[in-house]
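Peer 1: Number 355 in UniProt numbering belongs to position 355 of the sequence shown; there are no gaps in the numbering. Here you go, one structure.
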Amino acid sequence: MKFYLDEILVVFPYEYIYPEQLEYITELKRGLDSGGHMVLEMPSGTGKTISLLSILVAYLHHHAHENRKVVYCTRTVEEMTKTMGELKKLLAHWEMEGEPLRPLRGICLTAKKNLCIEPGVSSLLDPSDVDTGCRAITAPWQRDSRCQFFDTLEEHSVELPPGVYSPDDLKSFARENGVCPYYLARKALKIADIIVHSYLYIVDPVVSEVTNEYLNENTIVVMDEGHNVDDVCIEAMSLIYTKKDSFDAKENLKDLEKELDHLKSTNRQQLQSEYDRLVNGLALAEMARESDGVRGEGRVRPPEIPQDVAEQAVPGSLRAASHFLSFMQRLIDFTHRIVTRISRTYVADPLTFLTKVREECALEVNHFRYLFERLKILLSTLQITNTAKYRPISLAAHLFTILAVHYTDDRHEKPGFVVVCEAHDPSRPQIPDPVLRCVCVDASLALRPAFSKYKSVILTSGTLSPLDIYPKILGFTPTVSKSFSMTLSRKCIAPVIVTRSSESVSITSEEITSSFKVRNNPVDQAIVSNAYESLLMELSKTVPDGIVCFFTGYQYMSEVLLSWYSSGFLQELAKYKLIFIETQGVEETSVALANYRKACDIGRGAIFMSIARGKIAEGIDFDRHYGRAVIMFGVPFLPPNDEPVKQRMHWMEICLGISESEFRNFDAMRQASQCIGRVLRNKTDYGMMLLVDRRFSLNDKKKKLPPWILQNLKENSNLSVDASIAVARAFFKEMAQPWEHEKDLGTTLLSKSTLAAMGRMKPSSNPALVVRENNEETESFTGPREIITAQREPFAAKRPREE
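Here it is as structure tokens:
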């Protein structure tokens, strides 16, 4: 299918297009034309990825003279591969339609562990080992046992021809030409039109340097599945320094002193050369580019060096290698005293913390800004290839550098970082392991360079409601902000909120909730657990194939499963469906997921127990028979006693006006929406969504559900267990009836003739009118009706009968 948006030809690789897809593409074009940022919430299962790619490829083709590029950010390698598959299909369809498309190159940029083809290195399991192995055979000073693929690429001019290259495609092409696929992809950035990579290449200050020099202000940045982008930013800018790191950093210092003494006795000129260049005022940024140090995937991330720092020479106290190590010795000793003596939680802003460091160590705080890059230069001078070994001292240098660089914030009186010292690692509360945290509380710090440099940054996902909070948190003003409804001819999703175990609303103890007050009361928790049992047992008898259950966390899931095991419920449940559980082990979870799918494939049926915020909730789709129902047991609130989270919410309340309760509700509902959204992947799919907790029915939470879920919720927002089972039986009975998609033509499916009636089959200088949702007209739709018109004349009543 091909059609026009104003003057731009758009090729869509399917026979039909959804009305929401057409409106989504129209809004994207409007935003790109105005050169602004966008926040767009597209319902799950409505073809968001292919819609994005269709307008982006069309835009690149139409504006070929502007030399634009597209950066498409995803979360996982699997999503990269899926995106590249859709792009291949799209470009092939341009050819099938007979439309001349200028040669385009689409490449994936990912870590070395996903692209390395050198047998001795690619066989290593740990990503940091792969990086170390690669550096050992590609370093400039390495003469023996070099990587032939790397050297061949350096010696010969090998370029990627036009096409779409997933990680496997890159490796295949590289093997045929005897070159390194990782550095081939890096080299191809200059000529690539569409670059697909993870969020880190945008939010991580140093990893972004890989692509920055090849991207101009006209670059279009897409952040797909961007509902958790603020958490990604916080994680990328924060760090943890443990007691073990402290001991290891002291050992690193001893090893570096030995390496330095060895270099003095064998090649003093090399050390003198480094010193002379620093004394002569060579800019830090220039030396940092020439050295390879500790940069790369799997290593500590250095902070972004401000322009005023990058253009300055290294201070005199850090120029001599021996003086620099003495400088680091004082800081390592200081942090060692902290992490070995912490007895209670201590919180300080960067300025207070650095003032204490200056008083105890007698060091100039301004010199901290150069520590990380100075360490990288030293490691390069010492020709150290196993940089992963020096991660602890790099972590310490990173800690003080990032605090010195960001101890004040341009926008607010309160800085975007805090220092948190805790007597116990929150991830292992039973073990007395003190930690020192540099916590980023301002998510906008990571994305500020992207929003200021690029004209168009597109934040899109199926779960972004409420839309106004993301611009506040990320510090930008969108030109287009819209949430799209889902046009349905049949109600293929059935969201319900289960609030109580029986119809007797007068008995408050029968209300279902996962609150800590109930969990700490054995009697109340037993009632809730019994309600869970009744609901899940009846659903296992009613729902065909697969059911996915989400809990608020590992601890709560363990408590519930232990209760079920003790009562014999799990054994009884297994008679109807096999049971699989997500664990904290990645390999175990992968095996469990594969067996769950196999059980669904053979018709045995299965239940998968998982957690919100886990791998399953974020990266796995349960389309078709793999997920006919999804259950969210409890409201997935953030941990109430997590100090970094408390500091972040305190900062947002002061600086952004977002209250703690508002953010907690927002975060919990976006996590819940993401979990239940796993069940629907396209309009021919169907599934039931159950939110099991009375708190979901409260307005401050329910109104934060995406509109495409709310439009189908309606009266099912306060049901008992029995009532929800009745809804399930009626829903799956209806879904079992034959469904002919031809009945949807002109309403929920738009064909070529429909688009022709809208005037979309030829270029126009006047944008077609898209009439907004009419919430009053819901008779012929399961949700808000969308009426699309052209030339101000309704086409719906005149759609061609041959459709």
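Think of the CB as a built atom: it goes at the ideal place given N, C-alpha and C, for glycine as much as any other residue.
DSSP three-state label for M689, please.
Peer 2: Translated into positions along the sequence shown, residue 689 becomes position 689. If DSSP states are grouped into helix, strand and coil, M689 belongs with the strands.
Peer 1: What span of residues does the alpha helix (DSSP H) with G316 cover, start to end?
Peer 2: What you label residue 316 is simply residue 316 of the sequence shown in a count that begins at 1. Taken as a continuous stretch (DSSP letters only), the alpha helix (DSSP H) holding G316 covers 316–319.
Peer 1: For residue 806, which of Y565, R664, M649, F550 has the nearest alpha-carbon?
Peer 2: This structure cannot speak to residue 806, because the chain is shown only from 1 to 803.
Peer 1: Round the Cβ separation of P162 and P103 to the nearest angstrom and send it over; I've been treating them as touching at under 8 Å.
Peer 2: Residue 162 sits at position 162 when you count from the first residue of the sequence shown. Residue 103 sits at position 103 when you count from the first residue of the sequence shown. The Cβ separation is near 4 Å, so the contact holds.
Peer 1: Where DSSP assigns a beta bridge to C440, which residues make up the other side?
Peer 2: For the purposes of this step, residue 440 is taken as residue 440 along the sequence shown, with counting starting at 1. Answer by DSSP bridge pairing, in chain order: F417.
Peer 1: I'd like the ranges of any beta strand (DSSP E) spanning at least 3 consecutive residues and lying wholly in the region 231–288.
Peer 2: 239–242
Peer 1: Does the distance from the CB of S764 to the CB of D33 come in under 8 Å?
Peer 2: Within the sequence shown, residue 764 is the residue found at index 764, counting from 1. Within the sequence shown, residue 33 is the residue found at index 33, counting from 1. Going by C-beta atoms, S764 is not nearer than 8 Å to D33.
Peer 1: What's the gap between the Cα of L713 and the Cα of I377?
Peer 2: For this step, residue 713 is matched to residue 713 along the sequence shown. For this step, residue 377 is matched to residue 377 along the sequence shown. Each residue's alpha carbon lies about 59 Å from the other.
Peer 1: Just to confirm my understanding: we take Y59, look at its own chain, exclude 5 residues before and 5 after, and list those with CB closer than 8 Å. What are they?
Peer 2: If you number the sequence shown from 1, residue 59 lands on position 59. The answer, listed in chain order, is I8, K29, L32, R68, I220.
Peer 1: For V210, count the other beta carbons within 10 Å of its own beta carbon; 16 or more makes it buried, fewer makes it exposed. Which is it?
Peer 2: Translated into positions along the sequence shown, residue 210 becomes position 210. By the 10 Å Cβ count, V210 comes out buried.
Peer 1: Does the region 34–47 come close enough to the region 451–458 to have 3 or more Cβ pairs within less than 8 Å?
Peer 2: yes
Peer 1: Could you check the C-alpha separation between L578 and L200 for me, to the nearest Å?
Peer 2: For this step, residue 578 is matched to residue 578 along the sequence shown. For this step, residue 200 is matched to residue 200 along the sequence shown. So the two alpha carbons sit approximately 38 Å from each other.
Peer 1: With DSSP collapsed to three states, give me the class of R729.
Peer 2: In the sequence shown, counting from the first residue as 1, residue 729 sits at position 729. Note: R729 maps to helix in three-state DSSP.
Peer 1: On the DSSP bridge assignment, give the partners of T460 in chain order.
Peer 2: Along the sequence shown, read from residue 1 onward, the residue named residue 460 stands at position 460. Partner(s): L40.
Peer 1: Mind checking whether A362 and Y241 have CB atoms under 8 Å apart?
Peer 2: Here residue 362 corresponds to residue number 362 of the sequence shown, with the count starting at 1. Here residue 241 corresponds to residue number 241 of the sequence shown, with the count starting at 1. No, the Cβ-Cβ distance between A362 and Y241 is not below 8 Å.
Peer 1: Short of 6 Å in beta carbon distance, which residues of its chain neighbour G133, apart from the five on each side in sequence? Order them along the chain.
Peer 2: By 1-based counting over the sequence shown, the position of residue 133 is 133. V121, L124.
Peer 1: For the region 156–198, list the alpha helix (DSSP H) runs that are entirely contained and at least 4 residues long, ordered along the chain.
Peer 2: 167–177, 181–188
Peer 1: Could you check what DSSP says for residue 808 in three-state terms: helix, strand or coil?
Peer 2: This structure does not reach residue 808, given that the chain is present from 1 up to 803, and the question cannot be answered.
Peer 1: Going by the CB atoms, is the gap between C675 and A574 shorter than 8 Å?
Peer 2: Position 574 of the sequence shown, counted from the start, is the residue given in the question as residue 574. Position 675 of the sequence shown, counted from the start, is the residue given in the question as residue 675. In terms of Cβ geometry, A574 and C675 do not form a close pair [threshold 8 Å].
Peer 1: From the DSSP output, in three-state form, read off Y370 for me.
Peer 2: On the sequence shown, residue 370 is found 370 positions in, with the first residue counted as 1. Y370: helix per DSSP, three-state reduction.
Peer 1: Would V11 and H65 be called neighbours here (beta carbons separated by less than 8 Å)?
Peer 2: Indexing the sequence shown from 1 puts residue 11 at position 11. Indexing the sequence shown from 1 puts residue 65 at position 65. Not in contact: V11 and H65 (Cβ atoms no closer than 8 Å).
Peer 1: Using CA coordinates, which residue listed in E159, D169, Y183, T76 is at the minimum distance from residue 836?
Peer 2: What the structure shows of the chain is the stretch from 1 to 803, and residue 836 is not part of that stretch, so it cannot be assessed.
Peer 1: Per DSSP, what kind of secondary structure is C492 in: helix, strand or coil?
Peer 2: Along the sequence shown, read from residue 1 onward, the residue named residue 492 stands at position 492. Correct three-state label for C492: coil.
Peer 1: How big is the Cα-Cα spacing for I709 and R146?
Peer 2: Against the sequence shown, residue 709 aligns to sequence position 709. Against the sequence shown, residue 146 aligns to sequence position 146. Taking the straight line joining both Cα atoms gives about 56 Å.
Peer 1: Which residue marks the beginning of the beta strand (DSSP E) containing G106, and which one marks its end?
Peer 2: As a working note, residue 106 is residue 106 in the sequence shown. Where G106 is concerned, the enclosing beta strand (DSSP E) stretches over 105–109.
Peer 1: Looking at C-alpha atoms only, which residue of D468, V357, T345, F324 is the closest neighbour of T335?
Peer 2: Position 335 of the sequence shown, counted from the start, is the residue given in the question as residue 335. Cα-wise, what sits closest to T335 is V357.
Peer 1: Quick check: what's the CA-CA separation for L749 versus M237?
Peer 2: If you number the sequence shown from 1, residue 749 lands on position 749. If you number the sequence shown from 1, residue 237 lands on position 237. When rounded, the distance between both Cα atoms is 44 Å.
Peer 1: Can you tell which of H424, A446, T385, Y390 has its C-alpha closest to the C-alpha of H406?
Peer 2: To locate residue 406, count along the sequence shown from 1; it is residue 406. Selected option, being the one with the closest Cα: A446.
Peer 1: Would you report the Cα separation of Y556 and A617, rounded to the nearest angstrom?
Peer 2: On the sequence shown, position 556 is the one that residue 556 refers to. On the sequence shown, position 617 is the one that residue 617 refers to. Roughly 16 Å separates the two Cα atoms.
Peer 1: Assuming R678 contacts D621 (C-beta within less than 8 Å), just tell me the rounded distance between them.
Peer 2: Position 678 of the sequence shown holds residue 678. Position 621 of the sequence shown holds residue 621. Yes, R678 and D621 are in contact; Cβ-Cβ is about 6 Å, under 8 Å.
Peer 1: Contact between the region 520–535 and the region 589–606: three or more CB pairs below 8 Å?
Peer 2: In this structure the region 520–535 does not touch the region 589–606; the number of beta carbon pairs closer than 8 Å is below three.
Peer 1: On a Cα-Cα basis, can you pick out the residue from E23, L115, P140, K2 that is closest to M96?
Peer 2: For this step, residue 96 is matched to residue 96 along the sequence shown. Closest option to M96, judged by alpha-carbon separation, among E23, L115, P140, K2: K2.
Peer 1: Please state the DSSP three-state secondary structure of V523.
Peer 2: Indexing the sequence shown from 1 puts residue 523 at position 523. Three-state result, V523: helix.
Peer 1: Can the beta-carbon of T381 be found less than 8 Å from the beta-carbon of E274?
Peer 2: Taking the sequence shown and counting its residues from 1, the one referred to as residue 381 is at position 381. Taking the sequence shown and counting its residues from 1, the one referred to as residue 274 is at position 274. Contact flag set, yes.
Peer 1: For P13, I'd like the list of residues in its chain whose CB is within less than 6 Å of its CB, leaving aside the five on either flank, ordered along the chain.
Peer 2: Stepping through the sequence shown from its first residue, residue 13 is reached at position 13. If we look at P13 and ignore the five residues flanking it on each side, its Cβ neighbours are K89, L90, H93.
Peer 1: Exposed or buried, which one is V279 when buried takes at least 16 other CB atoms within 10 Å?
Peer 2: Here residue 279 corresponds to residue number 279 of the sequence shown, with the count starting at 1. With fewer than 16 Cβ atoms within 10 Å of its Cβ, V279 is classed as exposed.
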